[in-house]
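Residue numbers (my numbering): 36 to 1235.
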């Protein structure tokens, strides 16, 4: 019984009669895996055949479904709130943030605007009157916006005064909170707006206001004793008019200025040494570190020079601004709301920054950097905006590449329209995936809008190329109606495996507990799933329609037009071999045929006659070469047309037309790669790369600074760079919660404050200043009124029955001392001499704690504002009236037990992520120690919101990668049904991840949540480059070298095209305005793609050729005299019939055809019993090299 040659060696036009059985041996114990994969491929085959039968319906329904999902983009929400993006969901920081918002509300107490001034010449001293003049000029220019600064600035601790005239004057004059080095001088008053009018006096402003003198003048007309005591406690003194003038020659310099009469410029460094004060020396002290940067001191610690100045303007929050102007005549006719208040603040801040940056001429010796909270929001919005130009450019580039790559000169073999449709289909799938994410409520962010469209396009087009290549390389003789089923049968397993691994990779990346990256990972996984559905369901319908177009001989792309070579008749006149047999040692019989194609000028018909000449080719000396170059198809050398005489035409050869990636892989790449010495070189080089990467991994630092996100070269980047260099200060707070008794835990609270203050990163207060916490202010205030009471009691001004002759403070102490805290008997006058408001240990009596808190909050607004206590629930308002005679004023309502209070701190010296981590760990340890003493506390502030993630980021990264590698092994082992191959794939993927991590270290790319997501996703993306090769190796026959070579021949082109498509998709990221996008996405993903290409097409084939598993199917032949027994040649030799003479009106085209005949195998081989049904399948045998892979390309090709 005659047998067909192996599938990989079928002649070009061979059609097996009813697919006779091919004898096979199932290698080892692989029968079950092979059967399971064959079953899965059978399902894919049925799916493909079903899609082909109903391709039009499938395409219509698929486009309809994807289009409907894409409409979900209309409800997409872009999240730009830093807290919502970067605070770990469900973490202790998230819980603490929720607790803070629950007690204090959503918004901060104020917003900040900052000015930083630096010299243009680096290292120049900025502590000069001229430099401060420029700083004043910039600050004044920036604050002159449509809404006056005095109307919207944050004012801390405005007192309640019963005298109406004084209250109105204070309301107009009370200063804004501005932290500026100008406050050390009289010129600082120029930043304070507002004015008041008194009859007989010029307008009162801070530039001419002497509070002491004003009280003396008003004393005879009003009772201002309480107000005077308030100013004395705050140590206001002469305010600004008692401070030196930068330019004493200024006509407006007050005579009370220390240098007014001497006319000498002040020593700026000496004046700024120790910091500056606002209008209150006691409660408004601005430390040096808040005002000066790049300071230098002498050995005694005296300030000598500085390189930067900083001023900070505090504005009201939108809610405060709304409440302040609600019902005001200025806003009653504009529909005033909290939203409008926020709009006003944002517009003011933008204008402030713009005016500040334009305030100094370009040739000035100094430069101004301005920034605001709105500026940061604008940066995040710009960072999150979708660049339509880049998206369209990237997709057009991909369309062009896909079309050009898949175009062929032969219109019947060209797939340019398939490439265009595939890219557009992937684009629709990406849009539908993002639309589905929007419908599911997953918020978009910068990573989604800037990166995901390009990354998803590159990944999705990979599978498009794979299916298109497989479709053109269908085995000869495949029925037309089974072509799509055959394509899915051969490639569906690879596509399924890579897609599942990609989805698993991105779902594993969602383990990173950062909301922005979790959303990105989930969106990427969903988009990959939509891509998978489009590639497996809709794209086969496109291939089926294109097959119909090719069958009808219509032009590619312009499918409405017929091909100019649509009618072809090819006549081959063969002559059988004679009775001679194939000589010993001859491996291949090659027949070179001269084909004459005749084209009449008046017709489009082509008739080709082939009179061949035969010769024998000896076997190559290289064993691998003999295996690689077994011709499995036809090779036709197409000649182009050339000009003839009259209407005649001839054809010239186009050598480039027969070159493609598969030809390169088979002819050059595989033979070179699979040589022994090449394998050794590859293993050494990749081992060296792995070793260098392990070293580079030790260089990777944690962190992501805001300067990495903001585009370089912008004014915002200049400000952030200057701030990071000179003013690395962070406001934080130590929050104490409810759930414990504050009154009985005072010692523990003091200990907690002391422990927190001792941290290295905490900026200590000046030695002359008491700790700036509410408990210290509260206790000191009580001690002060106790001292006043003692004096009044000793002098007799206060007695057991009267306090009206005593001081205001003495009267307050009297009222507190008689409180018992008992609702039945609230007052006990005998306690006036038996108790103290603060005991000898410095503790407040617990029974007086909450009543005293009510009095302190109502009587010391400046101290309360300076403490930044933010009590919740807020203590009730209580007005003290010393002259009240009803006795009702003696009853003091106790404040409710506190559920929220805070101690403010400043952290400094935080430059690197390690500094932040050390500070966070120290703060957490202090809170844990306080917890053991019964105090529930936690630290709050931006360092804890955005840097605490680094405490466990590496552990989370390693956990995610390990889980993902395990999942990849299980998925590959399950679908490939070969743990050996799955282990090799996981080994290569692990090497890729380590090498990418090490290269990041050499490039200086820091580890943050974003690189972690890419590193985790690299495992899934790397599967795209490895699984196709591994599956091709697993299903091929022969030795390891031969199977590796066949796997390369089959997958080299689609894998390379996929890599190039991914790079093209990423290329548009290189044009981003954000250096962060370029460095952290484009560079990292490009390196990942190149590493995947090298590992998938170089390292993995070498490893498979050395350590690969045995073949699943071994194809062998029986000894048979019926096989290869051709008739004897007639007349000796091997001859073919000669065609008749060619007519003169025909042009000549020469084509060579190679036909290979293999001798039978050695006798004695075991043969698995063959069944009557066809036993071969493309999944279990190497694919035949179809004619389209090596086929002719030309203007008028001759095809067989």
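Note that the Cβ used here is the ideal one computed from N, Cα and C, for glycine as well.
No experiment lies behind these values; they were computed from the predicted model shown.
Specify, as a first and last residue, the run of the beta strand (DSSP E) that residue 770 falls within. That run of the beta strand (DSSP E) goes 765 to 772.
So, at 8 angstroms on beta carbons, what are the nonlocal neighbours of residue 155 in its own chain, with the 5 sequence-adjacent residues on each side left out? Excluding residues within five positions, the ones whose Cβ falls inside 8 angstroms are 399, 400, 401, 402.
Extract the residue ranges of the alpha helix (DSSP H) inside the region 1026 to 1096, only unbroken runs of 4 or more that lie entirely within it. Here the runs fully enclosed are 1044 to 1070.
For residue 1012 versus residue 796, is the C-beta distance shorter than 8 angstroms? Remark: C-beta atoms of residue 1012 and residue 796 do not approach each other more closely than 8 angstroms.
Just to confirm the assignment: which complete alpha helix (DSSP H) runs, minimum length 4, are found wholly within the region 866 to 918? You should have 881 to 894, 896 to 902.
Would you kindly check if the distance between the Cβ of residue 1126 and the Cβ of residue 1030 is under 8 angstroms? In this structure, residue 1126 lies closer than 8 angstroms to residue 1030 by Cβ.
Residues near residue 212 by beta carbon distance below 6 angstroms, same chain, minus five either side: The beta carbon of residue 212 sits closer than 6 angstroms to the beta carbons of 189, 191, 349 from its chain, once the five residues preceding and following it are set aside; these are given in chain order.
Coarse secondary structure for residue 245, derived from DSSP in three states: Coil.
Quick check for students: name the residue ranges of the alpha helix (DSSP H) that lie wholly in the region 105 to 171, counting only runs of 4 or more. Look at the region 105 to 171 and you find these whole runs of alpha helix (DSSP H), each 4 residues long or longer: 117 to 121, 127 to 139.
Within 10 Å of its beta-carbon, does residue 587 have 16 or more other beta-carbons around it, so buried, or fewer, so exposed? By the neighbour-count rule (16 or more Cβ atoms within 10 Å), residue 587 is not buried but exposed.
Mark residue 1179 as exposed unless 16 or more other C-beta atoms lie within 10 angstroms of its C-beta, in which case mark it buried. Bear in mind that a pLDDT of 41 at residue 1179, under 50, signals an unreliable position, so the number given afterwards is only what the model happens to contain. Counting C-beta atoms within 10 angstroms of its own C-beta, residue 1179 has fewer than 16 neighbours from the protein chains shown and is therefore classed as exposed.
Bridge partners - residue 563, DSSP secondary structure assignment: DSSP lists no partner for residue 563.
Rounded separation between residue 801 and residue 323 - CA only: Roughly 10 angstroms between the two C-alpha positions.
Residues that DSSP places opposite residue 797 in a beta bridge: Residue 797 pairs with 942.
Terminal residues of the beta strand (DSSP E) in which residue 403 lies: Counting along the chain, the beta strand (DSSP E) containing residue 403 begins and ends at 401 to 407.
In the DSSP assignment, what residue or residues form a beta bridge with residue 204? DSSP output for residue 204 lists no bridge partner at all.
Taking the Cβ atom as the reference point for each residue, do residue 542 and residue 529 lie within a distance shorter than 8 angstroms? Against a cut-off of 8 angstroms, the Cβ pair of residue 529 and residue 542 comes out as no contact.
Can you tell me whether residue 451 is buried or exposed, with buried defined as 16 or more other CB within 10 angstroms of its CB? Result: buried.
Would DSSP call residue 1179 helix, strand or coil? Residue confidence is low: residue 1179 scores 41 on pLDDT, short of 50, so the model does not pin down where it sits. Its coordinate-derived value is still stated next. Three-state DSSP puts residue 1179 in coil, outside helix and strand.
Going by DSSP, what residues sit across from residue 973 in a beta bridge? Looking at the DSSP assignment, residue 973 forms a beta bridge with 770.
Whole-number beta carbon distance between residue 570 and residue 490, since they are thought to touch under 8 angstroms: Contact flag wrong, Cβ pair sits at about 16 angstroms.
Segment contact, 8 angstroms Cβ cut-off, at least three pairs: the region 1100 to 1108 with the region 1053 to 1068: Taking 8 angstroms as the limit for Cβ pairs, the verdict is that the region 1053 to 1068 does not touch the region 1100 to 1108.
Short of 7 angstroms in beta carbon distance, which residues of its chain neighbour residue 473, apart from the five on each side in sequence? Order them along the chain. Within the same chain, residue 473 has close Cβ partners 107, 108, 110, 111.
To the nearest angstrom, how far is the alpha carbon of residue 779 from that of residue 936? Taking the straight line joining both Cα atoms gives about 15 angstroms.
In whole angstroms, what is the alpha-carbon distance linking residue 918 and residue 173? When rounded, the distance between both Cα atoms is 50 angstroms.
Alpha carbons only, please: which of 396, 895, 425 is nearest the one belonging to residue 485? Residue 485 has its Cα closest to that of 425, out of 396, 895, 425.
Closest by C-alpha distance to residue 1117, when choosing among 309, 830, 1049: The shortest C-alpha separation from residue 1117 is found at 1049.
Tell me, to the nearest whole angstrom, how far the beta carbon of residue 150 is from that of residue 304; I am working on the premise that it is less than 8 angstroms. Actually they are not in contact, since the Cβ atoms of residue 150 and residue 304 sit about 20 angstroms apart, beyond 8 angstroms.
Work out the CA separation of residue 758 and residue 764 for me, nearest whole Å. The alpha-carbon of residue 764 is positioned some 9 angstroms away from that of residue 758.
Measure the C-alpha to C-alpha separation of residue 1003 and residue 539 and round it to an integer number of angstroms. Taking the straight line from one Cα to the other gives about 8 angstroms.
Straight-line gap, residue 579 to residue 373 (C-alpha atoms, nearest Å): If I take the Cα positions, the gap works out to 60 angstroms.
Pairing CB atoms from the region 1078 to 1090 with CB atoms from the region 1031 to 1044, are three or more of them under 8 angstroms? Counting C-beta pairs closer than 8 angstroms gives fewer than three between the region 1078 to 1090 and the region 1031 to 1044, which falls short of the contact rule.
How long is the line joining the alpha carbons of residue 976 and residue 369, rounded to whole angstroms? Between residue 976 and residue 369, the C-alpha separation is close to 36 angstroms.
Between the Cα of residue 793 and those of 223, 837, 1039, 958, spot the shortest distance and give me the residue it belongs to. Residue 793 has its Cα closest to that of 958, out of 223, 837, 1039, 958.
Using a Cβ-Cβ cut-off of 6 angstroms (strictly less than) and excluding sequence neighbours within five positions of residue 762, which residues of its own chain qualify? Contacts found: 328, 345.
Apply the 10 Å Cβ neighbour rule to residue 453 and answer buried if 16 or more other Cβ atoms are within range, or exposed otherwise. By the neighbour-count rule (16 or more Cβ atoms within 10 Å), residue 453 is buried.
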